[in-house]
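Asks: Read in order, the letters of the sequence shown correspond to residues 4 to 832 in my numbering. In this text, a Cβ means the ideal position worked out from N, Cα and C, and glycines have one as well. Please read these numbers as outputs of a predicted model, since none were measured by experiment.
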Amino acid sequence: MEARPHPDYLGPKWWRDMDIIMEEARKRGMRVWVLDDDHFPTGHAAGRLKNAPKELRRLFIYETHIDAIGPQDHSSFFVAPMPHHPRLGGGGTLMAVVAVKRDPATGELTEETADLTSRVKNGFLHWDVPEGHWRIFSLIETEHGGDPSKSDYINYIDANSVRVLIDTVYEAFYCRYKENFGKTFAGFFSDEPGFYNDKETFDFESRLGKPDVTLPWSREMPAVLEKSFGPEYKQFLPFLWHQGGPMMRKMRYAYMDAVSLLFAKNFTAQIGDWCRARGVEYIGHILEDNNVHARLGCGAGHFFRALEGQDMSGLDVVLWQLKPGFDDVPYRGFLHEYDAEFFFYGLAKMAVSLAHADPKKKGRTVAEVFGAFGWAEGLKLMKWMTDHMLVRGVTHFVPHAFSLREFPDWDCPPHMYARGRNPQYRYYKYLNAYTNRLSHLLSGGIHVATAAVLYHAEAEWSGTCMHFHKPVKTLMKAQIDCDVLSCDMLLDRVSVQNGKLVQQNESYDCLIIPYCEALPGRVLLRILELAEQGVPVFFINGLPQATSDGQADADVLHCLSACGRIEVVQLDGLVPRLKEAGFYDIRVEGQEPHLRFYHAKYPDMDVFLFFNEHPLREIDTEAELPVAGRALLYDAYDNKLYEADGVQDGRVVRVKLNLSPMEAMVVIAGPALDGLPAEKRVASGCLYTAIDGPWLVETATAVQYPAFTPRKEIAALTDLSRDDEFASFSGTYRYTTKFHWSPEAGQLAVLDIGRAFETAEVFVNGLSAGVRISAPYRFDISGLVREGKNTLAIEVTTTLFNEVKDFMSRPAQLEPGGLLGPVKLYVLG
Numbered sequence: 004m005e006a007r008p009h010p011d012y013l014g015p016k017w018w019r020d021m022d023i024i025m026e027e028a029r030k031r032g033m034r035v036w037v038l039d040d041d042h043f044p045t046g047h048a049a050g051r052l053k054n055a056p057k058e059l060r061r062l063f064i065y066e067t068h069i070d071a072i073g074p075q076d077h078s079s080f081f082v083a084p085m086p087h088h089p090r091l092g093g094g095g096t097l098m099a100v101v102a103v104k105r106d107p108a109t110g111e112l113t114e115e116t117a118d119l120t121s122r123v124k125n126g127f128l129h130w131d132v133p134e135g136h137w138r139i140f141s142l143i144e145t146e147h148g149g150d151p152s153k154s155d156y157i158n159y160i161d162a163n164s165v166r167v168l169i170d171t172v173y174e175a176f177y178c179r180y181k182e183n184f185g186k187t188f189a190g191f192f193s194d195e196p197g198f199y200n201d202k203e204t205f206d207f208e209s210r211l212g213k214p215d216v217t218l219p220w221s222r223e224m225p226a227v228l229e230k231s232f233g234p235e236y237k238q239f240l241p242f243l244w245h246q247g248g249p250m251m252r253k254m255r256y257a258y259m260d261a262v263s264l265l266f267a268k269n270f271t272a273q274i275g276d277w278c279r280a281r282g283v284e285y286i287g288h289i290l291e292d293n294n295v296h297a298r299l300g301c302g303a304g305h306f307f308r309a310l311e312g313q314d315m316s317g318l319d320v321v322l323w324q325l326k327p328g329f330d331d332v333p334y335r336g337f338l339h340e341y342d343a344e345f346f347f348y349g350l351a352k353m354a355v356s357l358a359h360a361d362p363k364k365k366g367r368t369v370a371e372v373f374g375a376f377g378w379a380e381g382l383k384l385m386k387w388m389t390d391h392m393l394v395r396g397v398t399h400f401v402p403h404a405f406s407l408r409e410f411p412d413w414d415c416p417p418h419m420y421a422r423g424r425n426p427q428y429r430y431y432k433y434l435n436a437y438t439n440r441l442s443h444l445l446s447g448g449i450h451v452a453t454a455a456v457l458y459h460a461e462a463e464w465s466g467t468c469m470h471f472h473k474p475v476k477t478l479m480k481a482q483i484d485c486d487v488l489s490c491d492m493l494l495d496r497v498s499v500q501n502g503k504l505v506q507q508n509e510s511y512d513c514l515i516i517p518y519c520e521a522l523p524g525r526v527l528l529r530i531l532e533l534a535e536q537g538v539p540v541f542f543i544n545g546l547p548q549a550t551s552d553g554q555a556d557a558d559v560l561h562c563l564s565a566c567g568r569i570e571v572v573q574l575d576g577l578v579p580r581l582k583e584a585g586f587y588d589i590r591v592e593g594q595e596p597h598l599r600f601y602h603a604k605y606p607d608m609d610v611f612l613f614f615n616e617h618p619l620r621e622i623d624t625e626a627e628l629p630v631a632g633r634a635l636l637y638d639a640y641d642n643k644l645y646e647a648d649g650v651q652d653g654r655v656v657r658v659k660l661n662l663s664p665m666e667a668m669v670v671i672a673g674p675a676l677d678g679l680p681a682e683k684r685v686a687s688g689c690l691y692t693a694i695d696g697p698w699l700v701e702t703a704t705a706v707q708y709p710a711f712t713p714r715k716e717i718a719a720l721t722d723l724s725r726d727d728e729f730a731s732f733s734g735t736y737r738y739t740t741k742f743h744w745s746p747e748a749g750q751l752a753v754l755d756i757g758r759a760f761e762t763a764e765v766f767v768n769g770l771s772a773g774v775r776i777s778a779p780y781r782f783d784i785s786g787l788v789r790e791g792k793n794t795l796a797i798e799v800t801t802t803l804f805n806e807v808k809d810f811m812s813r814p815a816q817l818e819p820g821g822l823l824g825p826v827k828l829y830v831l832g
């Protein structure tokens, strides 16, 4: 349940509607999850902060500065907060006045600082300026900062402020549905909480060093920073905005470490603990876009920390953040240029890795999918997106969305039902059944991966670095699977057993560290310790040059370079090195950069999900799987088992993989299969005949279906969307023709209709041969054909875009309309 469109959140009309939904859910054995605020992002607390006391409201710090030169005695400077700042809004309370000497050659800050707060009187600093160039900073605390649309939001890093959200929303639901908690009432969902400290709300590059921006603050921050810097920490705050030397690295790391930990403790953990104490679960996701998961702005500072307190890991994919075929090349999304590598190789892998690492998540990752792609998105893209998530280990899905508003609702289409106007809705159940089967099959197994890759947040806070998804991409393109581990996990959760890195039920042959200028000293010491205990460690492109906190730099770095189990490898040499060492799970014949796989191990069965992620290219290869015994193919779409075209060779099975563009396949092996019946897989065999028409074309909108209107007869299949007569048509095209069949041709008859756009159902002699929502558009019609003349009807259902032409579909590469074929009939003896 999302409250965003509701006019009376937490009021009488809201509870009336909720009561109806809860009653229906109880009757049907369903469970209800609720978005935990009146609109996204979570943190508005249903408007309760608007008149709240100052200590509960958002808090920021910002700086203004004056440049001075010395030596010059008896200088004065006006350093009081200004009521109207041209970029920051102004006002606030003066925390400190700090002078920092500048490097005359570069203008950067040096580490020569002075706290001049005691010299301020009536808003003026009186100071005898020493020799050199100096920058005098007014450090100001204010409740007026960040994204102005979030001015009435909670302070996510203040426990008492977050408690307002709990008291307002969570307690209200508990009061009304206490007896249903943990039963019909499943739990709460937080949507995109973050710092929102930047007026440029969706500047995904918003991080320390950006000028003229307010930074998150709370009453706890001074005590936290004093642990690293002592009482004089304020002297080094200017480095949060300005360039400098090692002290800049130390302060920026300490600040980001503090705010991300406070977000985790005061927001996520506090809410999660409240929920678990009452028998419900807490799920959701933050904004991850273009690496903002490790930054400020609309980010939460650290993906793994921000979601630690939840009961599932989470992510979302909206606004064309995934676009088939664009895994290497940046592309224009709805509002921004997207970092394709992150969305393809970072986002889901990062989320699933957290689910594997945190015991309370039980391996569960929930993905909010399909939303705000516009009406150009149909079931074909939805299935591709689902397979993209499944093959990375996501097993729970929130389809976005069903809308109760009248059609058309312009808020984040497509909408699944659309008041009966979505022509593909009647086929949506096929996608849901497919998703449920594979989610069930992959849930509960132990994920098999041979490499662990270090998350880059701490490295990015500390200097230049390589994003974690760079090596992940390199590995995935070579069918070497991995998990992403945070620095916190290395410090607290992993151990070494028989030379392998072990976490929860998973083990990894090696640890990979993307290039980083610096990492926290204790993390580098831990990496060294793991290496000395037998774990091979690979630093990509070079070793760090410093520690984030400045502790024992020389000693730690020397030990790293001297350790025999630590290697430096170039990124393009990583895969050859891992294959040389035997750090892989499966082997594939040739190079298949778009073949993805996921391996889940059970006590009596191994499950391998393969997916051709490319939208246009076929994959024809052979995979060598580390299993013994019988291997079968599982078609999750049709829910059928087939004999695999595989060969047992000692302790491995070699299986043929023939995958159409965007096709997924499951291989299952192990004792659990003994005695299970399996069919021979129906695939294209010998060509019996090409069915060229002529075709009678009829149409029906979603509302009219199945009452078709004859439109025209065509001699050959063509793109009907280019025909003026059909340019604005959205619905179902029905193509009807005749063909001849002789049973002497073979026992099995397979119809391949070629290219269809996009959902296809085939009828032979009035009986349905099934539905396909994506390639291959292949149908077993063996039981439907009869000797002599047969009637063939092919129904192809479009998206709703031609009728609606919504703005959110703008980034789409629009496909043809209807059936393009060629339509061919094959036989198997």
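1) If you follow the alpha helix (DSSP H) that Ala226 is part of, which residue opens it and which one closes it?
2) Tell me whether the beta-carbon of Gly302 lies closer than 8 Å to the beta-carbon of Leu290.
3) Just mark Gly110 as buried or exposed, buried being the case when its beta carbon has 16 or more other beta carbons within 10 Å.
4) Among the candidates Ala189, Thr204, Tyr341, whose CA atom is the shortest distance from the CA of Glu284?
5) In this structure, does DSSP put Gly190 in helix, strand or coil?
6) Among Leu52, Arg105, Leu62, Met85, which has the Cα closest to the Cα of Ile72?
7) So which of His561, Gln548, Asp638, Leu817 has the shortest CA-CA distance to Arg440?
8) Apart from the five residues on each side of it in sequence, which residues of its chain come closer than 7 Å, Cβ to Cβ, to Ala28?
9) Just the C-alpha distance for Ser465 and Lys237, rounded to the nearest angstrom, thanks.
10) Tell me whether the beta-carbon of Arg781 lies closer than 8 Å to the beta-carbon of Asp809.
11) What's the C-alpha gap between Met492 and Ala759?
12) Regarding Lys480 and the ligand ATP, is the C-beta to nearest heavy atom distance less than 7 Å?
13) Quick check on this structure: which residue in Ser193, Gln482, Arg422 has the alpha carbon closest to the alpha carbon of Phe613?
14) Please classify Ile23 as buried or exposed, where buried requires at least 16 neighbouring CB atoms within 10 angstroms.
15) Rounded to whole angstroms, what is the Cα-Cα separation between Leu97 and Ala375?
16) Taking Thr802 as the reference, which of Trp323, Leu168, Glu380 has the closest Cα?
17) Where does Met4 land, buried or exposed, given buried means 16+ other C-beta within 10 angstroms?
18) Going by DSSP, name the residue or residues bridged to Gln500.
19) Do Phe198 and Leu350 come within 8 Å of each other at the CB atom, strictly closer than that value?
20) Sort Ile717, Gly749, Gly824 by Cα distance to Ala693 and report the nearest one.
21) Return the CA-CA distance between Ala49 and Leu723, expressed in angstroms with no decimal places.
22) Do Ser356 and Asp486 have their C-beta atoms within less than 8 Å of each other?
23) Considering only the alpha carbon of each residue, which of His617, Pro674, Val103, Gly312 lies closest to Pro606?
24) Please state whether DSSP places Met85 in a helix, a strand or coil.
25) Does the segment 362-370 come within contact of the segment 303-323, defined as at least 3 CB pairs closer than 8 Å?
26) Between the beta-carbon of Glu144 and the beta-carbon of Leu52, is there less than 8 Å?
27) How do the segment 609-623 and the segment 554-561 stand: do at least 3 beta-carbon pairs fall below 8 Å, yes or no?
28) Ignore the nearest five residues each way along the sequence and tell me which others in Ser489's own chain have a CB closer than 6 Å to its CB.
29) Which first and last residues belong to the beta strand (DSSP E) in which Cys301 is found?
30) According to DSSP, simplified to helix, strand and coil, what is Ile274?
31) How about the segment 788-808 and the segment 740-754: do they share at least three Cβ pairs that are nearer than 8 Å?
32) Using three-state DSSP, classify Val451 as helix, strand or coil.
33) Please report the Cβ distance between Cys468 and Glu520, rounded to the nearest whole angstrom; I am assuming they are in contact, meaning their Cβ atoms lie under 8 Å.
34) Should Ala226 go down as buried or exposed, given a rule of 16 or more other Cβ atoms within 10 Å for buried?
35) From the DSSP output, in three-state form, read off Leu720 for me.
36) Using 8 Å as the threshold, is the C-beta distance between His597 and Arg620 below it?
Replies: In short, the structure shows the following:
1) 224-232
2) yes
3) exposed
4) Ala189
5) strand
6) Arg105
7) Asp638
8) Arg34, Val35, Thr187
9) 19 Å
10) no
11) 47 Å
12) In the structure on display, the ligand ATP does not appear, and there are no ligands present to speak of.
13) Gln482
14) exposed
15) 44 Å
16) Glu380
17) exposed
18) Lys503
19) no
20) Gly824
21) 49 Å
22) yes
23) Pro674
24) coil
25) yes
26) no
27) no
28) Phe307, Tyr458
29) No beta strand (DSSP E) contains Cys301, which DSSP labels as neither H nor E.
30) helix
31) yes
32) coil
33) 6 Å
34) exposed
35) coil
36) yes
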